[in-house]
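Undergrad: Residue numbers (this note's numbering): 443 to 884.
Every residue, glycine too, gets a C-beta built ideally from N, C-alpha and C.
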Amino acid sequence: MGLKVCKFGGTSMASGNVILSAAKIIEEDKDRRYVVVSAPGKRYSGDIKVTDLLYKCSDEVEAGDISAFKETFEKIRVRFMNIEAEIGKELHIKDGLDEAEQEILNGAGRDYCASRGEFLAAKIMAAVLDVPFVDATEFVRFDENGVLDQKETFALGEKVLKQYARAVIPGFYGLGANGKVKTFSRGGGDISGSIVARSVMACLYENWTDVSGFYVCDPRIINSPKWIPELTYQELRELSYMGANVLHSESIFPVRSAGIPIRICNTFRPEDAGTYIVKNSTRDIRDYVVTGIAGKKGFTSITLEKSLMNSEVGFVQKVLSVIGKHGISFEHLPSGIDTMSLVIDNEFLKGDILKLLLAEMQEAVQPDKIYTHENISLIATVGHGMAKNVGTSARLFKALSEAGINVNMIDQGSSELNIIVGVENEDYANCLKAIYNEFFKA
Ligand code: ASP
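Here it is, written out as structure tokens:
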């Protein structure tokens with residue numbers, strides 16, 4: 443076929459035996475030449491990811507509690523030594539662990555500390571495959587604002603990786619503008635895989651994880667939901683942003699402009715077809731209306747009402763500058779002629795901040811009424827098919843009304859790719875079920 447990049451997530455790196463299965467998958471296809479790995483994740487429910495232990499280590503060092511740090515680091519040491527023992531090959535992992543421990547104690551910083559799980563996991567995979575290890579700091583670059591410098595990264599990535607016919611690269615981090623290790627947000631190993639795929643211009647980016655792709659709805663809520671054979675980059679972005687967390691929502695950006703497809707594959711069921719994520723859909727639009735449904739709990743809406751709001755120049759801007767001043771971003775901004783609402787993630791509203799925002803908005807725009815709806819869930823129904831199939835929103839709202847669900851907010855993107863509804867948190871599961879039953883139950 444052509445060059446492939448494979449990324450193995452935390453559950454695919456969780457123990458020596460699983461790492462051996464991943465290595466077998468890689469060796470089965472000679473096109474799988476560049477491999478990106480995550481830190482060892484959970485082996486069973488209740489287990490602790492190595493990255494979580496490393497963040498704990500960092501907190502303990504920062505708090506000056508060295509004996510707690512030593513205890514936590516010992517757990518990481520035992521995990522890696524067990525992996526080495528299971529693989530049954532001398533991997534010199536002890537040296538890497540000693541060095542990491544020393545550097546963390548010397549104040550190497552939080553991101554360096556968090557990155558060591560991937561660093562050591564990549565060393566292990568490189569030794570198992572007998573393939574060179576290439577550190578992500580050699581080519582993944584962030585700018586002064588902490589944002590991935592795509593241009594520099596792809597240029598360097600191409601130059602560095604071209605020197606190796608095969609390589610294993612740690613995911614999740616690169617080099618910040620200050621010359622120190624910098625990590626992506628959690629789950630960012632998916633972005634690293636995408637960067638490598640773009641740098642070497644792969645024909646496919648395989649993302650190996652513990653599920654066989656995307657399902658049309660969360661399997662924890664819908665029993666055995668239908669599987670999605672193919673998604674577009676845009677659909678993936680909408681679904682993953684709204685909580686379908688198979689893949690990091692930013693992982694499409696590096697591959698998108700080059701049109702490199704992503705395939706989600708299951709390390710534990712490698713024979714499954716998985717889900718392809720592509721630039722343009724090859725599915726027949728008549729075969730499906732909705733591609734998937736995803737949702738998130740924990741939002742608050744602030745609604746402002748004022749007569750003649752529509753003709754008051756700068757009204758929205760003044761409201762937005764109140765939240766902007768506090769470094770708060772909004773998810774949605776549905777509006778009527780004399781009303782507007784801001785939907786904000788509750789993460790931003792801890793403590794007394796909501797009260798403060800309401801007071802500042804009152805002062806800034808003198809609304810007739812201002813009120814909030816706390817505990818809102820947002821549910822997105824996503825699919826390119828919706829624009830082509832007349833009556834989709836009517837079906838959706840009829841299904842919700844028949845299920846007795848009160849909708850607090852509606853937002854439809856102008857591309858007709860999604861319809862987002864806001865409902866009370868307690869209606870979250872029923873809302874997903876009602877939409878699923880309407881569009882997917884035969
Ligand atoms: N190990 C990191 C995390 O747990 C990154 C990743 O797995 O992609 O978030």
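Quick one: grab the DSSP three-state call for Ala-841.
TA: helix
Undergrad: So, with DSSP's three-state summary, where would you put Phe-522?
TA: DSSP places Phe-522 in helix when its eight states are reduced to three.
Undergrad: Give me, in chain order, the residues of the same chain whose beta-carbon lies closer than 6 Å to that of Pro-712; leave out the 5 immediate sequence neighbours on both sides.
TA: Excluding sequence neighbours, Pro-712 sits near Ile-467.
Undergrad: Hey, is the region 653-672 in contact with the region 465-480, meaning 3+ C-beta pairs nearer than 8 Å?
TA: The region 653-672 vs the region 465-480: no contact.
Undergrad: Just confirm the distance between the C-beta atoms of Ile-779 and Asn-817, as a whole number of angstroms; I'd bet it's less than 8 Å.
TA: That belief does not hold up - the Cβ atoms of Ile-779 and Asn-817 are roughly 27 Å apart, past 8 Å.
Undergrad: Kindly indicate the opening and closing residues of the alpha helix (DSSP H) around Ser-457.
TA: Premise fails: Ser-457 is in no alpha helix (DSSP H) and is neither H nor E.
Undergrad: Quick one: residues in its chain with C-beta nearer than 8 Å to the C-beta of Lys-576, no 5 flanking neighbours on either side, listed in chain order?
TA: First, the amino acid is wrong: residue 576 is Val here, not Lys. Hits under 8 Å: Val-602, Leu-603, Tyr-606, Ala-609, Val-610 and Ile-611.
Undergrad: Rounded to the nearest angstrom, how far is the Cβ of Ala-619 from that of Phe-584, given a contact under 8 Å?
TA: 6 Å
Undergrad: Have a look at Leu-547 and Val-503 and give me their C-alpha separation to the nearest angstrom.
TA: Rounded to the nearest angstrom, the gap between the Cα atoms of Leu-547 and Val-503 is 7 Å.
Undergrad: Quick check: Asp-853 and His-774, are their CB atoms within less than 9 Å of each other?
TA: yes
Undergrad: DSSP three-state label for Arg-705, please.
TA: Look at Arg-705 here: in three-state DSSP terms it is strand.
Undergrad: Give the DSSP-derived three-state secondary structure of Lys-624 in the structure shown.
TA: In this structure, Lys-624 counts as strand in the three-state DSSP scheme.
Undergrad: Is Val-447 a contact residue of ligand 1, with contact defined as CB to any heavy atom under 8 Å?
TA: no
Undergrad: Helix, strand or coil for Val-658? Go by DSSP, reduced to three states.
TA: coil
Undergrad: Check each candidate in Glu-586, Ile-633, Gly-549 and Val-460 and name the one with the smallest Cα separation from Ala-563.
TA: Of the listed residues, the one whose Cα sits closest to Ala-563 is Val-460.
Undergrad: Just tell me which of Ile-490, Pro-671 and Ala-597 has its CA closest to the CA of Met-643.
TA: Ala-597
Undergrad: Cβ-heavy atom distance between Val-697 and ligand 1 below 8 Å?
TA: no
Undergrad: Going by the DSSP bridge assignment, what does Asn-879 pair with across the sheet?
TA: In the DSSP output, where bridge partners are listed per residue, Asn-879 has none listed.
Undergrad: Strictly by DSSP, which residues pair up with Lys-446?
TA: Arg-474 and Leu-646
Undergrad: What does the alpha-carbon distance come out to for the pair Ile-877 and Ser-509?
TA: Rounded to whole angstroms, the gap between the alpha carbons of Ile-877 and Ser-509 is 52 Å.
Undergrad: Under 5 Å, CB to any heavy atom of ligand 1. Which residues pass, going along the chain?
TA: Any residue whose Cβ sits closer than 5 Å to a heavy atom of ligand 1 makes the list: Gly-452, Ser-480, Ala-481, Thr-493, Phe-614, Arg-628, Gly-629 and Gly-631.
Undergrad: Expressed to the nearest angstrom, what Euclidean distance is found between the alpha-carbon atoms of Glu-560 and Ala-481?
TA: The straight-line gap from Cα to Cα measures roughly 4 Å.
Undergrad: Quick one: is Gln-676 buried, meaning 16 or more other Cβ sit within 10 Å of its Cβ, or exposed?
TA: buried
Undergrad: Counting only runs of 3+ residues fully inside the region 775-832, write out the beta strand (DSSP E) ranges in chain order.
TA: Within the region 775-832, the runs of beta strand (DSSP E) that reach at least 3 residues and sit entirely inside it are, in chain order, 781-787 and 811-824.
Undergrad: How big is the Cα-Cα spacing for Arg-521 and Ala-845?
TA: 48 Å
Undergrad: Could you name the residues of the same chain whose beta carbon sits closer than 7 Å to that of Lys-738, not counting the 5 residues immediately before and after it, in chain order?
TA: Met-684, Gly-685, Ser-819 and Leu-820
Undergrad: Which partner residues of Thr-651 appear in the DSSP bridge assignment?
TA: Asn-708
Undergrad: Going by DSSP, what residues sit across from Thr-733 in a beta bridge?
TA: For Thr-733, which the question treats as bridged, DSSP gives no partner whatsoever.
Undergrad: Near Gly-629, which residues of its chain fall below 7 Å by C-beta distance, leaving aside the five closest residues on each side in sequence?
TA: His-690
Undergrad: For Met-851, which of helix, strand or coil comes out of DSSP?
TA: Three-state DSSP puts Met-851 in a strand.
Undergrad: Assuming Ile-670 is part of the beta strand (DSSP E), what are its boundary residues?
TA: First-last for Ile-670: undefined, no H or E at that position.
Undergrad: Would you mind stating whether Ser-654 and Gly-599 have Cβ atoms separated by less than 9 Å?
TA: no
Undergrad: Could you spell out where the beta strand (DSSP E) holding Ile-719 opens and where it closes?
TA: 717-720
Undergrad: Identify which residue in Thr-834, Leu-842, Ile-518 and Val-570 has its Cα closest to the Cα of Glu-858.
TA: Considering only alpha carbons, the answer is Thr-834.
Undergrad: Can you tell me which of the three DSSP states Asn-860 falls into?
TA: strand
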